[in-house]
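Below you'll find the structure, written out as structure tokens, and then a few comments.
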Amino acid sequence: MRVFGKFLFTVPLLISATLAWGQEVPAGKQTKAGLYVTAEEASRMLEDPNVLFIDVRSRAEVAFLGLPERVDKHVPCMVMPMMPNFDVEKGTYDLEINPDFPIELDAFLKSRGAGKDTQVILMCRSGNRSALAANLMNDLGYTRVYSMIDGFEGDKAGDGLHAGHRVVNGWRNAGQKWSYRVRADQAYDADL
Numbered sequence: 002m003r004v005f006g007k008f009l010f011t012v013p014l015l016i017s018a019t020l021a022w023g024q025e026v027p028a029g030k031q032t033k034a035g036l037y038v039t040a041e042e043a044s045r046m047l048e049d050p051n052v053l054f055i056d057v058r059s060r061a062e063v064a065f066l067g068l069p070e071r072v073d074k075h076v077p078c079m080v081m082p083m084m085p086n087f088d089v090e091k092g093t094y095d096l097e098i099n100p101d102f103p104i105e106l107d108a109f110l111k112s113r114g115a116g117k118d119t120q121v122i123l124m125c126r127s128g129n130r131s132a133l134a135a136n137l138m139n140d141l142g143y144t145r146v147y148s149m150i151d152g153f154e155g156d157k158a159g160d161g162l163h164a165g166h167r168v169v170n171g172w173r174n175a176g177q178k179w180s181y182r183v184r185a186d187q188a189y190d191a192d193l
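The numbering of the sequence shown is the numbering used here, which starts it at 2 and goes up by one.
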């Protein structure tokens, strides 16, 4: 179990998950509820205005990489601490759970009249943080939270000309609508 602010969350024990089309979900992308969509499936689900779409990436990712036009709200699941550690193996700075994530997301969903059974799609860069966010929401009692397993940028190509680049799948690579412009109603405005 982990404690974030005044919230206690269980960490899932996940062995294996397989998508409906037979693809195995990598361990870091698995969720307690086992609800997953690809960017293309999410786009179809989002034709229903009652389905909510939340971007859980960092502010920097949204500012510099853009976001789907259809996103209802941006609420970062992970944030960079004031003095982040550099992870030599990953070649990047460590992030930490946004302590305001559960509070901010719950408040937004309630402001939209969402119930615990409202369909919500969560999106990050490539599907790992959206899985974490889906588990946090599951702990808050939300039962129909989908993790977009290929995220905004998608997975990395394994070999060839684009090896290591995020060109395999994801919202942008699927040709879905996105923009660099963040609308005021989408913006994350919590004081962090």
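For glycine and all other residues, C-beta sits at the position ideal for the given N, C-alpha and C.
Every value quoted in this text rests on a predicted model; they were computed, and no experiment measured them.
Residue 69 has 179 as its beta-bridge partners, per DSSP.
Residue 105 and residue 76 have their alpha carbons spaced roughly 7 Å apart. Residue pairing by DSSP places residue 97 opposite 80 in a beta bridge. In the structure shown, the three-state DSSP call for residue 109 is helix. Ranked by how close their Cα comes to the Cα of residue 32, the residues 123, 168, 187 and 170 have 123 in first place. Under DSSP, residue 131 shares a beta bridge with no residue. The C-alpha of residue 168 is placed about 28 Å away from the C-alpha of residue 86. The count of Cβ pairs closer than 8 Å, one atom from the segment 107 to 125 and one from the segment 91 to 98, stays below three, leaving the stretches out of contact. Rounded to the nearest whole angstrom, the C-alpha separation of residue 47 and residue 82 is 33 Å. Between residue 152 and residue 131, the C-beta spacing is below 8 Å. Residue 157 and residue 70 have their C-alpha atoms some 23 Å from each other.
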